[in-house]
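Mapping to the numbering used here: the sequence shown position 171 is 226, numbers consecutive. Structure first, commentary second.
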Amino acid sequence: MNGLAWKRNFVTLWTGQFVSTAGLTVMVPLLPFYLGELGGQTGAQHGWMGLCLAAPALTMFIFSPLWGRIGDRIGRKMMVVRALMGLAFSLLLMGFAQTPLQLFLCRLLQGAFGGVVDASAAFASAEAPQGKNGKTLGSLQGATAAGSFLGPLLGGILADTFGYRTLFVAMAALTGVSALVAAWLLHESKGASTASQAEPRLPLFAALRSLVQKKETRAFIVAGICVQSGIYGLTVIFAPYVQSMTDGGERAATWVGVLQAVMWLATMVASPWWGKQNDHKPVRLNFFVAALGCGISIWLQLLPTSAAWLIPLRMVQGLCFAALLPSVYFQVSRSSRRQDQGMNIGLTNSCLVGGQVMGSLAGAGLTGFLSLPTVLFCMGSLFVLGACVVAGGRPTNSDRTFHLPFVSRNDQVS
């Protein structure tokens with residue numbers, strides 16, 4: 056594939072991932088208000104809120120590997136188009152939902168037919184120019200960060216101005232346009248498709264067994280589950296923690312929005328740089344340093360007594376978090392056969408979604424009998440645990456030369 060074609064592919068993938076993330080982050084903070092508009096009883100809204108938040112993770116956990124396998128068979132371009140179109144259709148249905156149950160079913164559909172991040176990662180892993188795989192995955196993480204940064208800032212304003220249903224329909228339309236653009240502009244090399252069809256593929260459970268049997272790949276997946284659990288557990292308790300630092304809760308919502316935006320802005324800026332480091336230095340070292348830095352920055356958030364002092368620590372957290380998930384996908388991709396890349400990334404995504412669910416439940420559950428600072432410390436500890444897990448995984452022949460204090464010279468390969 057020539058350079059111009061790849062640049063067009065990358066811009067298309069980046070735009071689709073940005074639009075889909077912005078659409079979701081616009082929507083999720085508004086779910087409690089939308090559920091109230093749908094007429095759910097006040098006492099039951101919390102239950103419906105929990106179900107609606109968990110629904111996409113449940114179906115995505117089941118369907119991600121299956122979509123990855125289909126992508127390995129018929130082409131990864133169609134999986135990107137499918138994910139964007141599935142999300143657009145789900146958002147459109149949410150805009151016409153009349154009851155909390157209908158909204159819950161739409162969210163289940165979103166998880167089953169969505170999955171833009173792993174579809175884009177599979178396409179990019181197969182099509183990126185040689186030596187730029189890490190930078191590409193890192194830059195796509197930047198698209199997620201940009202959408203997460205912009206979505207919450209615009210969501211409340213647009214909902215108050217145009218209404219929730221109009222907002223859902225508008226985001227569905229933008230996502231649908233992104234799907235059509237992807238169908239038109241994405242170019243998948245024919246050589247890759249032919250090779251994929253000619254070579255035998257592993258069955259689903261054999262592919263999962265192959266992933267976990269490789270010590271280093273297993274370490275990255277387990278570490279990814281740790282950091283996903285940590286970030287989602289932190290999300291659950293972060294708002295009340297910030298509120299406890301403000302004077303009587305004054306302007307707590309504003310501070311939460313600012314601190315979330317600061318973190319995602321830092322992630323957006325740092326993502327391409329970390330991806331480039333993965334192309335030139337051992338991904339294992341990069342993950343270790345970033346996960347350790349992320350955990351320590353979260354621990355240090357226990358020290359300030361004013362929300363303003365959290366800003367530099369949230370920036371460090373975002374700078375480090377930028378490296379983590381792209382490094383997991385990068386390691387899985389490079390340890391997979393080309394004809395199994397899509398399914399292996401789908402399997403990895405299912406594991407990471409499992410971490411997301413565990414972290415959310417753990418964050419909510421621990422607040423019942425532990426103080427907020429203690430729970431915050433536990434969430435930071437999950438990042439440090441992830442760093443230790445990766446450090447303990449023996450490098451494979453795919454590792455690049457770089458001296459680590461916990462790696463012998465005999466384990467390093469040039």
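For each residue, glycine too, the CB sits at the ideal point set by N, CA and C.
Under the three-state DSSP convention, the category Pro-184 falls into: As a position in the sequence shown, residue 184 is number 129, starting the count at 1. Pro-184: coil per DSSP, three-state reduction.
Residue nearest to Thr-403 in terms of C-alpha spacing, selected from Ala-77, Leu-425, Gly-279: Residue numbering aside, residue 403 sits at position 348 when the sequence shown is read from its first letter. Of Ala-77, Leu-425, Gly-279, the residue nearest in Cα terms is Gly-279.
Reduced DSSP secondary structure (H/G/I, E/B, other) of Ser-244: Here residue 244 refers to the residue found at position 189 when the sequence shown is read from its first residue. DSSP places Ser-244 in coil when its eight states are reduced to three.
Which listed residue (Leu-146, Ala-181, Ala-177) has its alpha carbon closest to that of Leu-164: Within the sequence shown, residue 164 is the residue found at index 109, counting from 1. Selected option, being the one with the closest Cα: Leu-146.
Going by DSSP, what residue range makes up the alpha helix (DSSP H) through Pro-428? One-based indexing of the sequence shown puts residue 428 at position 373. 427-447 is the extent of the alpha helix (DSSP H) around Pro-428.
Please tell me whether Ala-234 and Met-140 are closer than 7 angstroms, where the distance is taken between their beta carbons. Taking the first residue of the sequence shown as position 1, residue 234 is located at position 179. Taking the first residue of the sequence shown as position 1, residue 140 is located at position 85. In this structure, Ala-234 lies near Met-140, with their beta-carbon atoms less than 7 angstroms apart.
With burial defined as no fewer than 16 other Cβ atoms inside 10 Å of the residue's Cβ, what is the status of Asp-215: buried or exposed? Your numbering for residue 215 matches position 160 in the sequence shown. By the Cβ neighbour-count rule, Asp-215 is exposed, with fewer than 16 other Cβ atoms within 10 Å of its own.
What residue range is occupied by the uninterrupted alpha helix (DSSP H) comprising Val-83? By 1-based counting over the sequence shown, the position of residue 83 is 28. Segment: none, Val-83 is in no alpha helix (DSSP H) and carries neither H nor E.
Helix, strand or coil, according to DSSP, for Thr-154 in the structure here? Against the sequence shown, residue 154 aligns to sequence position 99. Reduced to three states, the DSSP call for Thr-154 is coil.
Can the beta-carbon of Gln-438 be found less than 7 angstroms from the beta-carbon of Gly-350? Counting from one through the sequence shown, the residue named residue 438 turns up at place 383. Counting from one through the sequence shown, the residue named residue 350 turns up at place 295. At residue 438 the sequence reads Phe, which differs from the Gln that was named. A contact, by the Cβ cut-off of 7 angstroms.
Pro-120 burial status per 10 Å Cβ neighbour count (16 or more: buried): Residue 120 sits at position 65 when you count from the first residue of the sequence shown. By the neighbour-count rule (16 or more Cβ atoms within 10 Å), Pro-120 is buried.
DSSP on Ala-179, reduced to helix/strand/coil? As a working mapping, residue 179 is identified with position 124 in the sequence shown. Looking at Ala-179 - three-state DSSP - the assignment turns out to be helix.
Could you check where the alpha helix (DSSP H) with Lys-270 kicks off and where it finishes? Residue 270 sits at position 215 when you count from the first residue of the sequence shown. Per DSSP, the continuous alpha helix (DSSP H) segment holding Lys-270 begins and ends at 270-300.
For Gly-448, which residues in the same chain have their Cβ closer than 6 angstroms to its Cβ, ignoring the five residues on either side in sequence? Along the sequence shown, one-based indexing puts residue 448 at 393. Listed in chain order, the non-local C-beta contacts of Gly-448 below 6 angstroms within the same chain comprise Lys-270, Glu-271, Ala-274, local neighbours out to five positions each way being set aside.
Candidates Ser-299, Ala-77, Arg-220: which alpha carbon is nearest Tyr-89's? Looking up residue 89 in the sequence shown gives position 34. Comparing Cα-Cα distances from Tyr-89 to each of Ser-299, Ala-77, Arg-220, the minimum goes to Arg-220.
Ends of the alpha helix (DSSP H) at Arg-369? Residue numbering aside, residue 369 sits at position 314 when the sequence shown is read from its first letter. Run containing Arg-369: 365-376, per the alpha helix (DSSP H) assignment.
Which of the three DSSP states is assigned to Gly-423 in this structure? Counting from one through the sequence shown, the residue named residue 423 turns up at place 368. If DSSP states are grouped into helix, strand and coil, Gly-423 belongs with coil.
Exposure of Arg-264, with buried meaning 16 or more beta-carbon neighbours within 10 Å: Residue mapping note: residue 264 aligns to position 209 of the sequence shown, counting from 1. Looking at its Cβ environment, which holds fewer than 16 other Cβ atoms inside 10 Å, Arg-264 is exposed.
Decide if Lys-132 is buried, meaning its Cβ has at least 16 other Cβ atoms within 10 Å, or exposed. Here residue 132 refers to the residue found at position 77 of the sequence shown. Classification for Lys-132: buried.
Residue range of the unbroken alpha helix (DSSP H) whose run includes Ala-362: For the purposes of this step, residue 362 is identified with residue 307 of the sequence shown, where counting begins at 1. First-last for Ala-362: undefined, no H or E at that position.
Can you tell which of Tyr-296, Thr-199, Ser-391, Pro-184 has its C-alpha closest to the C-alpha of Leu-427? By one-based count along the sequence shown, residue 427 stands at place 372. Leu-427 has its Cα closest to that of Tyr-296, out of Tyr-296, Thr-199, Ser-391, Pro-184.
Own chain partners of Ser-251 with C-beta closer than 7 angstroms, once the 5 adjacent residues on each side are dropped: The sequence position of residue 251 within the sequence shown is 196, counting from 1. Caution is warranted here: a pLDDT of 48 is assigned to Ser-251, below 50, making its placement in the model unreliable, and the coordinate value is therefore given only provisionally. Within the same chain, Ser-251 has close Cβ partners Asp-127, Arg-393, Gln-394.
Range covered by the alpha helix (DSSP H) that runs through Ser-388: For the purposes of this step, residue 388 is taken as the residue at position 333 of the sequence shown. Per DSSP, Ser-388 belongs to the alpha helix (DSSP H) from 379-389.
Per-residue DSSP class, three states only, for Gly-170: Counted from its first residue, the sequence shown places residue 170 at position 115. Gly-170 falls in the coil class under three-state DSSP.
Contacting residues, own chain, Cβ-Cβ under 7 angstroms from Val-430 (five flanking each side not counted): Reading the sequence shown from its first residue, position 375 is the one you call residue 430. Excluding positions up to five away in sequence, the list reads Ile-292, Gly-418, Leu-421, Thr-422.
Give the single residue among Leu-347, Gly-231, Gly-91 whose Cα lies nearest to the Cα of Gly-169. Working through the sequence shown from its first residue, we reach residue 169 at position 114. It is Gly-231 whose Cα lies nearest to the Cα of Gly-169.
Report the three-state DSSP secondary structure of Arg-392 (helix, strand or coil). Working through the sequence shown from its first residue, we reach residue 392 at position 337. Arg-392: coil per DSSP, three-state reduction.
Whole angstroms are fine: how far does the CA of Met-370 sit from the CA of Arg-306? Residue numbering aside, residue 306 sits at position 251 when the sequence shown is read from its first letter. Residue numbering aside, residue 370 sits at position 315 when the sequence shown is read from its first letter. Computed Cα separation, rounded: 20 angstroms.
Keeping to the same chain, check which residues put their C-beta closer than 7 angstroms to that of Gly-58; ignore five residues upstream and five downstream. Indexing the sequence shown from 1 puts residue 58 at position 3. For Gly-58, same chain residues with a beta-carbon under 7 angstroms away, outside a window of 5 residues either side, do not exist.
Under the rule that 16 or more other beta-carbon atoms within 10 Å means buried, what is Gln-332, buried or exposed? Taking the sequence shown and counting its residues from 1, the one referred to as residue 332 is at position 277. So Gln-332 ends up on the buried side.
Locate the alpha helix (DSSP H) running through Leu-355, then write down its first and last residues. Your numbering for residue 355 matches position 300 in the sequence shown. Taken as a continuous stretch (DSSP letters only), the alpha helix (DSSP H) holding Leu-355 covers 338-355.
Apart from the five residues just before and just after Gly-189, which ones in its own chain have a Cβ nearer than 6 angstroms to its Cβ? To locate residue 189, count along the sequence shown from 1; it is residue 134. Counting only Cβ-Cβ distances below 6 angstroms, and skipping sequence neighbours, we find Gly-330, Asn-333, Asp-334, Phe-385.
Test item: CB-CB of Thr-67 and Ser-203 under 7 angstroms: To locate residue 67, count along the sequence shown from 1; it is residue 12. To locate residue 203, count along the sequence shown from 1; it is residue 148. Thr-67 places its beta carbon 7 angstroms or farther from that of Ser-203.
Val-172 versus Phe-144, Thr-191, Val-83, residue with shortest Cα-Cα distance: To locate residue 172, count along the sequence shown from 1; it is residue 117. Out of Phe-144, Thr-191, Val-83, Thr-191 has the C-alpha closest to the C-alpha of Val-172.
Just tell me which of Gly-409, Leu-440, Thr-114, Ala-378 has its CA closest to the CA of Ala-321. Mapped onto the sequence shown, residue 321 falls at position 266. Checked all of Gly-409, Leu-440, Thr-114, Ala-378; the closest Cα to Ala-321 is Ala-378.
Pull up the CB-CB distance for Ile-276 and Val-383, whole angstroms please, since I reckon it's below 8 angstroms. Here residue 276 is taken as the residue at index 221 of the sequence shown, counted from 1. Here residue 383 is taken as the residue at index 328 of the sequence shown, counted from 1. Right, the Cβ-Cβ distance comes to about 7 angstroms (below 8 angstroms), so this counts as a contact.
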